[in-house]
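Numbering (this note's numbering), first residue to last: 9 to 217. We treat Cβ as the ideally placed atom computed from N, Cα and C, and that holds for glycine.
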């Protein structure tokens, strides 16, 4: 709202929520656990900041391989190609008993994996918000985030130089927070699209009879 006012858009402005929450909550109701809930980390790596620097990518993979729980890693096609071209990274990933690599998964499958994860480790912008909405602790493998409110509220932590102990410590710190109801106060309760439609209908009635 502050930003809209800066741009000269003051009225009418309605707080309706986030349509991304609408979609996520709709799908999250339908998914079932495909793994024992709380027994694994879910990780995604695809951002240039992690994949274009082979030393950094190696650091990320080493950290994942040393964690205290199994890591489910749906491997982005671009990341997969980079790893396959590097003998050290390929060996690191293939020899790790802790990391379970999956091919790219569907949206529904991904929501299921996120919903029942112990924590999520990602460099994805969208997944950070989905973790917040699902009430799952998130560690962002970057030095910045699009969703600063998730960090400010203690549900997400930045980790630009990941090590296993650092990640585990951040996850436990987040897990001590109470998640109940916080995401709905920030992004809405999953009815944003209906509210938008209602405001559009009211506008048309006022201006076009």
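**Request:** In angstroms with no decimal places, state the Cα-to-Cα distance between residue 172 and residue 158.
**Result:** Your numbering for residue 172 matches position 164 in the chain shown. Your numbering for residue 158 matches position 150 in the chain shown. Distance between the alpha carbons of residue 172 and residue 158 is about 22 Å.
**3-residue-minimum beta strand (DSSP E) runs that sit fully inside the region 57-87, ordered along the chain** = Correct list: 78-82.
**Message:** Residues in the same chain with beta-carbon distance under 6 Å from residue 170, minus the five sequence neighbours each way, listed in chain order, please.
**Reply:** Taking the first residue of the chain shown as position 1, residue 170 is located at position 162. Around residue 170, the same chain offers 68, 71, 149 as residues with beta carbons nearer than 6 Å, after the five sequence neighbours per side are excluded.
**Item:** Beta-carbon contacts of residue 133 that lie in its chain and below 6 Å, excluding the five residues immediately before and after
**Value:** Looking up residue 133 in the chain shown gives position 125. For residue 133, where only same-chain residues beyond five positions count, the Cβ hits under 6 Å are 154.
**Inter-residue Cα distance where the pair is residue 83 and residue 90** = Within the chain shown, numbered from 1, the residue matching residue 83 stands at position 75. Within the chain shown, numbered from 1, the residue matching residue 90 stands at position 82. Taken atom to atom, the span from the alpha-carbon of residue 83 to that of residue 90 is near 11 Å.
**Asked** Helix, strand or coil: how does DSSP classify residue 172 here?
**Response** Translated into positions along the chain shown, residue 172 becomes position 164. Assignment of residue 172 by DSSP, reduced to helix, strand and coil, places it in the helix class.
**Prompt:** If you scan the region 120-153 from start to end, which runs of the alpha helix (DSSP H) of 4 or more residues do you find wholly inside it?
**Reply:** You should have 133-142.
**Message:** Cutting at 8 Å between CB atoms, please list the residues of its own chain near residue 35, excluding the five before and the five after it.
**Reply:** Working through the chain shown from its first residue, we reach residue 35 at position 27. Hits under 8 Å: 115, 116, 119.
**Request:** Could you check what DSSP says for residue 156 in three-state terms: helix, strand or coil?
**Result:** Residue numbering aside, residue 156 sits at position 148 when the chain shown is read from its first letter. Helix at residue 156.
**Message:** Less than 9 Å between the beta carbons of residue 127 and residue 50, yes or no?
**Reply:** One-based indexing of the chain shown puts residue 127 at position 119. One-based indexing of the chain shown puts residue 50 at position 42. In this structure, residue 50 lies closer than 9 Å to residue 127 by Cβ.
**Message:** In the DSSP assignment, the beta strand (DSSP E) including residue 164 goes from what residue to what residue?
**Reply:** For the purposes of this step, residue 164 is identified with residue 156 of the chain shown, where counting begins at 1. Unbroken beta strand (DSSP E) run through residue 164: 164-166.
**Prompt:** So the beta strand (DSSP E) residue 195 belongs to, where does it begin and stop?
**Reply:** Here residue 195 is taken as the residue at index 187 of the chain shown, counted from 1. It is not in any beta strand (DSSP E) - residue 195 instead sits in the alpha helix (DSSP H) that spans 190-195.
**Message:** Measuring straight from C-alpha to C-alpha, what distance separates residue 151 and residue 108?
**Reply:** Position 143 of the chain shown, counted from the start, is the residue given in the question as residue 151. Position 100 of the chain shown, counted from the start, is the residue given in the question as residue 108. The alpha-carbon atoms of residue 151 and residue 108 are separated by roughly 26 Å.
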